[in-house]
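If you count by this note's numbering, then the sequence shown holds residues 1 to 152, one letter each, in order.
Don't be surprised by glycine CBs; every beta carbon is placed ideally from N, CA and C.
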Amino acid sequence: MPLGRSDAVCIIGAGPGRLSAARAFKAQGLDYDQFERHGDLGGIWDVGNPGSPIYDATHFISWRDLSAFIGHPMPRHSPDYPSHRQILAYLRSCADTFGLREKIQFDAAVLHIDQQADGRWRLALADGSQRVYAAAICASGVNWDPGMCPTC
């Protein structure tokens, strides 16, 4: 039988967008659980994650000062377009600064999610457990597999 958390939200993934969601939920005092299939946060920016599409020369393509979390600017010594290592360090710093890391369940892959008749969401986790939530925010990893031009 699934564990019930009818008033909570689940966040699937711990990349930049999901960290932003977690920060907003925490700031509003909303109950949430967060699942990340890898051993650390950062999403595609962590080249240590198996299958990460990031290569060594990858840099952020948006300007540092327009891409930072509100209330936590990127370090002034960072270049205008930081490297993937600098972005990952920044994301880890954000998670630590805002106390987000303790809510993330690492090495917790969500294998399946479906909406129940009552509108709640049931998650099936890789460890065999199931959880039910009022809402779910998914980071599906659309950028996980690099897109390549078929004629390249």
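Assignment of PHE25 by DSSP, reduced to helix, strand and coil, places it in the helix class. The beta-carbon distance between HIS84 and THR58, rounded to whole angstroms, is 4 Å. This is short enough to meet the 8 Å contact definition. Put simply, the backbone Cα of ASP127 is about 18 Å away from that of ASP40. By a beta-carbon distance limit of 8 Å, ASP7 contacts ASP31. Their separation comes to about 6 Å. Counting C-beta pairs with one atom in each stretch, the segment 12-32 and the segment 77-96 have three or more that are closer than 8 Å, which means they touch. Residue pairing for ASP127: DSSP places it in no beta bridge.
A check of alpha carbon separations from GLY99 across LEU19, GLY13 and ILE44 identifies LEU19 as the nearest. Of all alpha-carbon atoms in CYS138, ALA14 and ALA68, the one lying nearest the alpha-carbon of ILE44 is that of ALA14.
For ILE87, the uninterrupted alpha helix (DSSP H) run begins and ends at 84-97, by DSSP. With a threshold of 16 other beta carbon atoms within 10 Å, ILE104 meets it and is buried.
A straight line joining the alpha-carbon of ILE113 with that of GLY48 spans about 26 Å. Here DSSP, grouped into helix, strand and coil, assigns LEU66 to helix. The C-alpha of SER78 lies about 11 Å from the C-alpha of ALA89. For a cut-off of 8 Å, the C-beta gap from ARG64 to ASP80 is around 6 Å, short enough to register as a contact. Scanning CYS138, ALA109, ILE54 and GLY71 for the CA closest to the CA of ALA27 turns up GLY71.
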